[in-house]
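Under this note's numbering, think of the first position of the sequence shown as 9, with each following residue one higher. Everything on this sheet refers to the single structure shown next.
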Amino acid sequence: MGRAGLEKNPRQVAAMFDGVASRYDRTNTLLSFGQDRRWRRHSVRALDLMPGRKVLDVAAGTAVSTQELARTGAWSVAADFSLGMLSAGASRSVPKVAADAMNLPFADATFDARGTLGLDRSVPVRLEIPQLNVSSDLLQLGLNSDRTVQVPPLGKDSRAGWYKYSPTPGQLGPSVLLGHVDSAKYGPGVFFRLGALRPGSTLSVTRSDRTTAVFRVDRVVSYPKDRFPTLEVYGNTQTAQLRLITCGGKFDLSSHNYQSNIVAFATLVSSHPA
9 MGRAGLEKNP
19 RQVAAMFDGV
29 ASRYDRTNTL
39 LSFGQDRRWR
49 RHSVRALDLM
59 PGRKVLDVAA
69 GTAVSTQELA
79 RTGAWSVAAD
89 FSLGMLSAGA
99 SRSVPKVAAD
109 AMNLPFADAT
119 FDARGTLGLD
129 RSVPVRLEIP
139 QLNVSSDLLQ
149 LGLNSDRTVQ
159 VPPLGKDSRA
169 GWYKYSPTPG
179 QLGPSVLLGH
189 VDSAKYGPGV
199 FFRLGALRPG
209 STLSVTRSDR
219 TTAVFRVDRV
229 VSYPKDRFPT
239 LEVYGNTQTA
249 QLRLITCGGK
259 FDLSSHNYQS
269 NIVAFATLVS
279 SHPA
């Protein structure tokens, strides 16, 4: 199985999910601490489905979410580009189709609803975290020459940045924002207090299409840098997610680097005009 690169080439990502399909549902529940069940219930409520309606469950995976949508009486179709994932959900009695969300094999207006709570693509421009008194314009970050993810430049005006090879905030999948915790020259950075963010707190991202995506924090975790869970943080998800990443843990005086990363995981709960 080829490892999916950060550019998220569709064939690589599909192959990655083919390889984990047989244990995906259990792993998803464990890694999300059971939050996946709450996400599915939230999606069903948000769509307000009823018998006779037609809904397409995009990035349906093993169709566990499609099955829950179908319990409303709506005609629900599972679409995913991983044949392995669809095969793993063969026992779920809902229609399934192999399809890329960017090139769906359906005519416009075939469905009444899209079964994934999410927004269209739009570049993020500003981050607000009321609990931490954070208000930051967002830079765009890419990859360094060694294929590592860029971080914002150090400066007196510490700003967060959006990793441009991740989904935009509010899109299906994990959108990634990075910021510094501090620096010897300039003091506390934009994410200085990220580790203090509490589950249940809300934060918002304003996008260039003049919509604001609102997220609720699920958990905040510290990971040693040498055991950073790349797939858990950057891997595709079935809902619109946000990851906020900074440094933390002990400071290594010899290398002048923190030994851990702090990652805040959050889920899209609503959107409104900016």
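Ideal Cβ positions, reconstructed from N, Cα and C, are used throughout, including at glycine.
Spanning the alpha carbons of Ala78 and Gln20 requires a straight line of approximately 30 Å.
Phe259 and Phe200 have their C-alpha atoms spaced approximately 14 Å apart. When the Cα atoms are used, Asp154 and Ile253 turn out to be separated by approximately 19 Å. Inclusion of Val63 and Phe119 in the CB contact set at 8 Å is warranted, their separation being smaller than that value.
Exclusion of the five residues before and after Asp145 leaves Val133, Arg134 and Arg167 as the residues of its chain whose Cβ lies within less than 7 Å of its Cβ. In this structure, the alpha-carbon of Thr220 lies about 14 Å from that of Gln249.
When DSSP states are grouped into helix, strand and coil, Tyr173 belongs to the coil group. The shortest C-alpha to C-alpha distance from Pro59 to any of Thr80, Gly27, Pro175 and Gly181 is the one to Thr80. For His50, the enclosing alpha helix (DSSP H) covers residues Gln43 to Leu55.
In this chain, the alpha helix (DSSP H) harbouring Ala96 covers Leu91 to Ala96. For Asn111 and Pro103, the gap between their C-alpha atoms comes out near 18 Å. Comparing alpha carbon positions, the residue from Ser84, Ser212, His50 and Arg34 closest to Val66 is Ser84. By the CB criterion at 8 Å, Phe25 and Ser95 fall outside the cutoff.
By the beta-carbon neighbour count (other beta carbons within 10 angstroms, threshold 16), Tyr194 is exposed.
Within the same chain, Thr247 and Thr275 come within 7 Å of Trp47 by CB-CB distance, once the 5 residues on both sides are set aside. Just measuring C-alpha positions, the residue of Thr70, Arg224, Ala204 and Thr156 sitting nearest Gly256 is Ala204. About 10 Å separates the Cβ atoms of Ala82 and Thr74, ruling out a contact at the 8 Å cut-off. Asn152 has its alpha-carbon roughly 31 Å from the corresponding atom of Asp88.
In this structure, Leu162 sits near His188, with a CB-CB distance shorter than 8 Å.
Residue pairing from DSSP leaves Lys193 without any beta-bridge partner. Residue state for Ala204 is assigned as helix, using DSSP reduced to three classes. Using a 10 angstroms sphere on the CB of Phe223, the tally of other CB atoms reaches 16 or more, which defines it as buried. DSSP, read as helix, strand or coil, puts Ser30 in helix. Residue pairing by DSSP places Asp260 opposite Asn265 in a beta bridge.
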